[in-house]
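S.K.: Residue numbers (the numbering used here): 1283 to 1499. Think of the CB as a built atom: it goes at the ideal place given N, C-alpha and C, for glycine as much as any other residue.
#1: Should residue 1417 go down as buried or exposed, given a rule of 16 or more other Cβ atoms within 10 Å for buried?
#2: Under 8 Å, with one C-beta from each stretch per pair, do the stretch 1386-1396 and the stretch 1410-1428 reach the 3-pair mark?
#3: Quick test of the definition: if touching needs 3 or more C-beta pairs under 8 Å, does the stretch 1458-1473 touch the stretch 1422-1432?
#4: In terms of residues, what are the limits of the alpha helix (DSSP H) holding residue 1449?
#5: Between residue 1471 and residue 1331, is the Cβ-Cβ spacing less than 8 Å?
#6: In the DSSP output, which residue or residues are listed as bridge partners for residue 1350?
#7: Let me know the secondary structure DSSP gives residue 1288 once reduced to three states.
#8: To the nearest angstrom, how far is the alpha carbon of residue 1299 from that of residue 1347?
#9: Using CA coordinates, which residue listed in 1310, 1284 and 1319 is at the minimum distance from residue 1495?
#10: According to DSSP, is residue 1438 helix, strand or coil?
#11: Can you list, in chain order, the residues of its chain with a C-beta nearer than 8 Å to that of residue 1284? Leave out the 5 residues immediately preceding and following it.
#12: Could you tell me the alpha carbon to alpha carbon distance between residue 1366 and residue 1449, rounded to whole angstroms?
#13: Taking the alpha carbon of residue 1322 as the point to measure from, which residue in 1360, 1307, 1478 and 1286 has its own alpha carbon closest?
#14: Once the 5 residues before and after residue 1415 are set aside, which same chain residues still bring their CB inside 7 Å of it?
#15: For a minimum of 3 consecutive residues, which ranges assigned as the beta strand (DSSP E) are wholly contained in the stretch 1292-1324?
#16: Would you give the residue range spanned by the alpha helix (DSSP H) that residue 1385 belongs to?
#17: Decide if residue 1333 is buried, meaning its Cβ has at least 16 other Cβ atoms within 10 Å, or exposed.
#18: To the nearest angstrom, how far is it from the Cα of residue 1341 to the Cα of residue 1492?
Here's what the structure looks like:
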């Protein structure tokens, strides 16, 4: 059962939206972020959880993608005006750590054809994996645009060494109701990953990229 109070969440979203729209409007579309503080959890001893949840509305609309593709996917990417690299371009990088690191920094996420994903480590070394940007597999039966939309709608949780987590759960492009649904689904999914569910949640806040935090739990 969710312990997230709907009225508290509504008020926090309204306050956040008012600040972003009327008090301090920025020249770009701000992301809405969920900030989580856990308790009664020891990242050293307890199992570190990880999981992905697909939300109904895009939470990362400004994500920049690159397709690491075979001929079919490179042609599709070119047609859809999505940046791409073929196997020859990857071979030219010669596993150079600096070049691979630069590639990883250039994009938020990568999609790769099946024939390419099998060779990623051989072609580029462990660079993309280390950067947390190992490519998502794309099949020929899937639409590139649909796949990108799905990645933009997906929230990934991964507990590392600290008890603080922050994930994008929406943007100021969404309506308040859309933001609310994304937040509720994200929180409920996170709680389902926790060993003691709500007993492991200390505080929850929401904020826009440049705005102040608003407590929701």
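M.R.: Walking through what the data contain:
#1: buried
#2: yes
#3: no
#4: Unbroken run through residue 1449 is the beta strand (DSSP E), 1446-1453; no alpha helix (DSSP H).
#5: no
#6: 1367 and 1394
#7: helix
#8: 28 Å
#9: 1319
#10: strand
#11: 1466, 1469, 1470 and 1473
#12: 27 Å
#13: 1478
#14: 1386, 1391 and 1392
#15: 1313-1320
#16: 1379-1388
#17: exposed
#18: 16 Å
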